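Peer 1: Before we start, here is the structure in question, set down as structure tokens.
There are 2 protein chains.
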Amino acid sequence: MPRRNPAKKLTPAIPRYLEIARDIEQAILSGRWPPGHRIPPETDLTKRYACARMTVSKAFSSLVSAGLIERRRRLGTFVAMPSRQSAVLEVRDLKDEILARGSTYRYQLLSRTLGRALTPEATKLGLSKGAPVLRIKALHIASDTPFALEERLINVGEVPRSAEEPFTDISGGAWLIAHVPWTEAEHRISAAAANAFESNKLQIAPRSACLVVERQTWRLGRAITSVRLVFPESMHHLVARFTPRQN
Amino acid sequence: MPRRNPAKKLTPAIPRYLEIARDIEQAILSGRWPPGHRIPPETDLTKRYACARMTVSKAFSSLVSAGLIERRRRLGTFVAMPSRQSAVLEVRDLKDEILARGSTYRYQLLSRTLGRALTPEATKLGLSKGAPVLRIKALHIASDTPFALEERLINVGEVPRSAEEPFTDISGGAWLIAHVPWTEAEHRISAAAANAFESNKLQIAPRSACLVVERQTWRLGRAITSVRLVFPESMHHLVARFTPRQN
DNA sequence: GTAGTTTAATTGTCTATACAATTGGGCGTG
DNA sequence: CACGCCCAATTGTATAGACAATTAAACTAC
């Protein structure tokens, strides 16, 4: 029977398992425990911290999910090799982003056509040629200055309700976020010179530098939408921030 | 004769807590439990799955760290709003990336000066003016074509050994990754037209579109380095991929 | 020596219980 | 009604113990 400590120990500001996790994290980040170093087994730390093994285990779990350590039965726990760095790229709705910087937001639908996928479109979405797709072109405008040009392709077969949505007042991105859960997304970020259509709509000089974000979204393996966002130089930058420690 | 007891309850292929987590995940991803939906409390699931509360708790923990659910004491557990999307941006060493695409890699140091931080440099790194810094300019070359221009600033006070490194054969990024652990990094990704120096070194037309990646790295709150990488249009794109399910 | 077998170290999962912390909602008083 | 107090639901953390799975290393039989 787990009899509680008679001293009525109030839980301290920082829980025990986090304290352990931070100690280990500190040892790793300071370089005191280099990659490959073997971390004392749970039973040792159980003694050192005078706690149950589950508590140490929980500390280790959080470090595993943060990618700082790796564990193997019988072998022990080791500081992970800093193999591939990664960063969390925040992707927010453009409307929120524009409003957040104090500008007014306006959305303008340029075109909306319901049709059958041409070969390149079908390839991009992983559909067969002729499948129903919705094509949307629109402008996001911040304080009367064009902010981004959006060209979107929606897989109507997967999102039937999109065929009834006019998209005159809400952007495809905002509508989809609200109506369709997704399981996987991929972004391609690059730079490109504006073509004639883009420079015209964005009111910038032809061939001027633009940031291009192409995003494709899937739901349980089937493509939902594919979108290409073109931002004039200096209108936008993406920020990615990474902290190794999780939880 | 192996004295293994075959009648003993073998642990199934998939542990109990993962089974629970997957059921919930499936309900969320399929849309059956939309964002904001209240998930039954631990005690209910404890009954439904006939297991201990710790097991349900562990299932929930993994879903929390995957960002699928949010929990609040007394209120309960809810399907997370898909508002703050995020993606994992892979950041690899340029050398690896170039070699991976089958090109040859060459690194060329353009300049290296050890000096005292000017005001803008000090501001960027969060140092006081006059602190020792190392400035490096270098080219990354893929199959004899300039691939990226690197302009780097290193906080010598935080990384003293960098002052002795010539950086003639190894890039600042590769050296730092190997020698200095970091705790936080921030990326700024944007597009810009090449200036005279950049177009000259990268052998591209003046004012042509470039992808600019600015990265700043800290270690325990103190700046280690700040780097600006300029890629000619079409030479490079960043790929970010996101999968909500984490295990 | 070699091949197979056992052992032991270590992590992985689970149970049953206990108490703390958080906080919306209900209750009562002025 | 407004304010403050208490209650109960729910999650958060922790304990002590149990057994399974993994696998390097020690051991044993040939």
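Top to bottom, those sequences are chains A and B.
Counting in my numbering, the first sequence runs without a single skipped number right up to 261 at its last residue.
Counting in my numbering, the second sequence runs without a single skipped number right up to 261 at its last residue.
Where is the CB? At the ideal position from N, CA and C, for every residue including glycine.
In this text, all values refer to a predicted model and were calculated from it rather than measured experimentally.
Any residues in the segment 198–213 of chain B with a beta carbon nearer than 7 Å to a beta carbon of chain A? Which ones, in chain order?
Peer 2: Glu198, Ala199, Glu200, His201, Arg202, Ile203, Ser204, Ala205, Ala206, Ala207
Peer 1: In whole angstroms, what separates the C-alpha of Ser267 (chain B) from that of Ala64 (chain B)?
Peer 2: In this structure chain B extends from 15 to 261, so residue 267 (chain B) is not present and cannot be described.
Peer 1: Flag Ala162 (chain B) as yes if its beta-carbon sits less than 8 Å from any beta-carbon of chain A, otherwise no.
Peer 2: Within the second sequence, numbered from 1, the residue matching residue 162 (chain B) stands at position 148. It does not: the Cβ of Ala162 (chain B) has no partner Cβ on chain A nearer than 8 Å.
Peer 1: Taking the alpha carbon of Ile34 (chain B) as the point to measure from, which residue in B:Met249, B:Ser185, B:Phe74 has its own alpha carbon closest?
Peer 2: Counting from one through the second sequence, the residue named residue 34 (chain B) turns up at place 20. Considering only alpha carbons, the answer is B:Phe74.
Peer 1: Return no unless some Cβ of chain A is closer than 8 Å to the Cβ of Ser79 (chain B).
Peer 2: Locating residue 79 (chain B) in the second sequence gives position 65, where the first residue counts as 1. It does; some Cβ of chain A falls within 8 Å.
Peer 1: Using a C-beta cutoff of 8 Å, does Cys224 (chain B) count as contacting chain A?
Peer 2: Counted from its first residue, the second sequence places residue 224 (chain B) at position 210. Yes, Cys224 (chain B) counts as interfacial toward chain A.
Peer 1: Could you list the residues in the segment 44–71 of chain A with a C-beta less than 7 Å from some C-beta on chain B, going in chain order?
Peer 2: Gly45
Peer 1: Helix, strand or coil for Ser97 (chain B) per DSSP?
Peer 2: Locating residue 97 (chain B) in the second sequence gives position 83, where the first residue counts as 1. Residue placement at Ser97 (chain B) cannot be trusted, given a pLDDT of 47 that sits under 50; the coordinates are not used to answer.
Peer 1: Where Asn39 (chain A) and Val70 (chain A) are concerned, what is the direct C-alpha to C-alpha distance, given to the nearest angstrom?
Peer 2: The residue labelled residue 39 (chain A) in the question sits at position 25 within the first sequence. The residue labelled residue 70 (chain A) in the question sits at position 56 within the first sequence. Residue identity differs from the one stated: residue 39 (chain A) is Glu in this sequence, not Asn. Approximately 13 Å, taken between the alpha carbons.
Peer 1: Quick one: is Ile28 (chain B) buried, meaning 16 or more other Cβ sit within 10 Å of its Cβ, or exposed?
Peer 2: As a working note, residue 28 (chain B) is residue 14 in the second sequence. Flag for Ile28 (chain B) reads exposed.
Peer 1: Which runs of the alpha helix (DSSP H) spanning at least 4 residues fall entirely within the segment 28–77 of chain A, listed in chain order?
Peer 2: 30–43, 56–63
Peer 1: Around the Cβ of Thr239 (chain B), are there at least 16 other Cβ atoms within 10 angstroms (buried) or fewer (exposed)?
Peer 2: As a first step, residue 239 (chain B) must be located in the second sequence, where it is residue number 225. Thr239 (chain B) is buried by the Cβ-count criterion.
Peer 1: If you follow the beta strand (DSSP E) that His201 (chain B) is in, where does it begin and where does it stop?
Peer 2: Counted from its first residue, the second sequence places residue 201 (chain B) at position 187. Segment 198–207, the beta strand (DSSP E) holding His201 (chain B).
Peer 1: Exposed or buried, what is Gly50 (chain B) when buried is set at 16 or more other beta-carbons lying within 10 Å of its beta-carbon?
Peer 2: Along the second sequence, read from residue 1 onward, the residue named residue 50 (chain B) stands at position 36. With fewer than 16 neighbouring CB atoms inside 10 Å of its own CB, Gly50 (chain B) falls in the exposed class.
Peer 1: Strictly under 8 Å for the Cβ-Cβ distance: is Leu153 (chain B) near chain A by that measure?
Peer 2: Numbered from its first residue, the second sequence carries residue 153 (chain B) at position 139. No, Leu153 (chain B) does not count as interfacial toward chain A.
Peer 1: Roughly how many angstroms separate the alpha carbons of His154 (chain B) and Leu82 (chain B), rounded to a whole number?
Peer 2: By 1-based counting over the second sequence, the position of residue 154 (chain B) is 140. By 1-based counting over the second sequence, the position of residue 82 (chain B) is 68. Rounded to the nearest angstrom, the two C-alpha atoms are 40 Å apart.
Peer 1: Helix, strand or coil: how does DSSP classify Phe245 (chain A) here?
Peer 2: By 1-based counting over the first sequence, the position of residue 245 (chain A) is 231. Here Phe245 (chain A) sits in strand by DSSP.
Peer 1: Residues of chain B with CB under 8 Å from Leu252 (chain A), in chain order?
Peer 2: Working through the first sequence from its first residue, we reach residue 252 (chain A) at position 238. What Leu252 (chain A) touches in chain B: His201, Arg202, Ile203, Ser204.
Peer 1: Taking 8 Å as the cut-off, decide whether the C-beta atoms of Ser176 (chain A) and Tyr121 (chain A) are in contact.
Peer 2: Residue mapping note: residue 176 (chain A) aligns to position 162 of the first sequence, counting from 1. Residue mapping note: residue 121 (chain A) aligns to position 107 of the first sequence, counting from 1. Going by C-beta atoms, Ser176 (chain A) is not nearer than 8 Å to Tyr121 (chain A).
Peer 1: Quick check: is the beta carbon of Glu247 (chain A) nearer than 8 Å to any beta carbon in chain B?
Peer 2: Translated into the one-based positions of the first sequence, residue 247 (chain A) becomes position 233. Yes, contact with chain B.
Peer 1: Do Ala145 (chain A) and Gly129 (chain A) come within 8 Å of each other at the CB atom, strictly closer than that value?
Peer 2: One-based indexing of the first sequence puts residue 129 (chain A) at position 115. One-based indexing of the first sequence puts residue 145 (chain A) at position 131. If you check the CB distance, Gly129 (chain A) and Ala145 (chain A) do not come in under 8 Å.
Peer 1: Looking at the strands, I want to know which residues DSSP matches up with Glu172 (chain A).
Peer 2: Along the first sequence, one-based indexing puts residue 172 (chain A) at 158. Its beta-bridge partners do not exist; DSSP assigns none.
Peer 1: Please report whether the beta-carbon of Pro195 (chain B) lies at a distance below 8 Å from any beta-carbon of chain A.
Peer 2: Your numbering for residue 195 (chain B) matches position 181 in the second sequence. Closer than 8 Å to some Cβ of chain A, the Cβ of Pro195 (chain B) qualifies, so yes.
Peer 1: Short of 8 Å in beta carbon distance, which residues of its chain neighbour Asp158 (chain B), apart from the five on each side in sequence? Order them along the chain.
Peer 2: As a position in the second sequence, residue 158 (chain B) is number 144, starting the count at 1. Cβ within range, chain order: Thr118, Arg120.
Peer 1: Taking C-beta to C-beta, are Arg46 (chain B) and Gly90 (chain B) nearer than 8 Å?
Peer 2: Walking along the second sequence from the start, residue 46 (chain B) turns up at place 32. Walking along the second sequence from the start, residue 90 (chain B) turns up at place 76. Not closer than 8 Å, so no.
Peer 1: In the DSSP assignment, what residue or residues form a beta bridge with Lys151 (chain B)?
Peer 2: For this step, residue 151 (chain B) is matched to residue 137 along the second sequence. In DSSP, Lys151 (chain B) forms a bridge with B:Ser125, B:Glu165.
Peer 1: Buried or exposed: Arg166 (chain A), going by 16 or more other Cβ atoms within 10 Å of its Cβ?
Peer 2: Counted from its first residue, the first sequence places residue 166 (chain A) at position 152. So Arg166 (chain A) ends up on the buried side.
Peer 1: Contact defined as beta carbons within less than 8 Å: I believe Glu247 (chain A) pairs with Cys224 (chain A). What is the distance between those atoms, to the nearest angstrom?
Peer 2: In the first sequence, counting from the first residue as 1, residue 247 (chain A) sits at position 233. In the first sequence, counting from the first residue as 1, residue 224 (chain A) sits at position 210. Right, the Cβ-Cβ distance comes to about 6 Å (below 8 Å), so this counts as a contact.
Peer 1: Could you spell out where the beta strand (DSSP E) holding Ala223 (chain B) opens and where it closes?
Peer 2: The residue given as residue 223 (chain B) occupies position 209 in the second sequence. It spans 223–233 - the beta strand (DSSP E) in which Ala223 (chain B) sits, taken as one unbroken run.
Peer 1: Rounding to the nearest angstrom, what Cα-Cα distance links Asp107 (chain B) and Ala192 (chain B) in this structure?
Peer 2: Sequence index remark: in the second sequence, residue 107 (chain B) carries index 93 (1-based). Sequence index remark: in the second sequence, residue 192 (chain B) carries index 178 (1-based). Distance between the alpha carbons of Asp107 (chain B) and Ala192 (chain B) is about 11 Å.
Peer 1: For Phe181 (chain A), which residues does DSSP report across the bridge?
Peer 2: To locate residue 181 (chain A), count along the first sequence from 1; it is residue 167. In DSSP, Phe181 (chain A) forms no bridge with anything.
Peer 1: Take Ala114 (chain A) as the anchor and find which of A:Ala156, A:Ala66, A:Ala206, A:Gly187 has the nearest alpha-carbon.
Peer 2: Numbered from 1 along the first sequence, position 100 holds the residue referred to as residue 114 (chain A). Closest by alpha carbon: A:Ala156.
Peer 1: Just how far apart, CA to CA, sit Val93 (chain A) and Trp189 (chain B)?
Peer 2: Taking the first residue of the first sequence as 1, we reach residue 93 (chain A) at position 79. Taking the first residue of the second sequence as 1, we reach residue 189 (chain B) at position 175. Approximately 20 Å between the Cα atoms of the pair.
Peer 1: For Val194 (chain B), which option in B:Leu132, B:Arg233, B:Asp110 has the closest C-alpha, if you only look at C-alpha atoms?
Peer 2: Start at 1 with the first residue of the second sequence, and residue 194 (chain B) comes out as number 180. Looking from the CA of Val194 (chain B), the closest CA among B:Leu132, B:Arg233, B:Asp110 belongs to B:Arg233.
Peer 1: Can you name the start and end residues of the alpha helix (DSSP H) that Ile83 (chain B) belongs to?
Peer 2: In the second sequence, the residue the question calls residue 83 (chain B) occupies position 69. Per DSSP, Ile83 (chain B) belongs to no alpha helix (DSSP H); it is in the beta strand (DSSP E), 83–86.
Peer 1: For Arg236 (chain B), which option in B:Asn169, B:Arg86, B:Thr127, B:Arg202 has the closest C-alpha, if you only look at C-alpha atoms?
Peer 2: Numbered from its first residue, the second sequence carries residue 236 (chain B) at position 222. For the residues B:Asn169, B:Arg86, B:Thr127, B:Arg202, the minimum Cα distance to Arg236 (chain B) belongs to B:Asn169.
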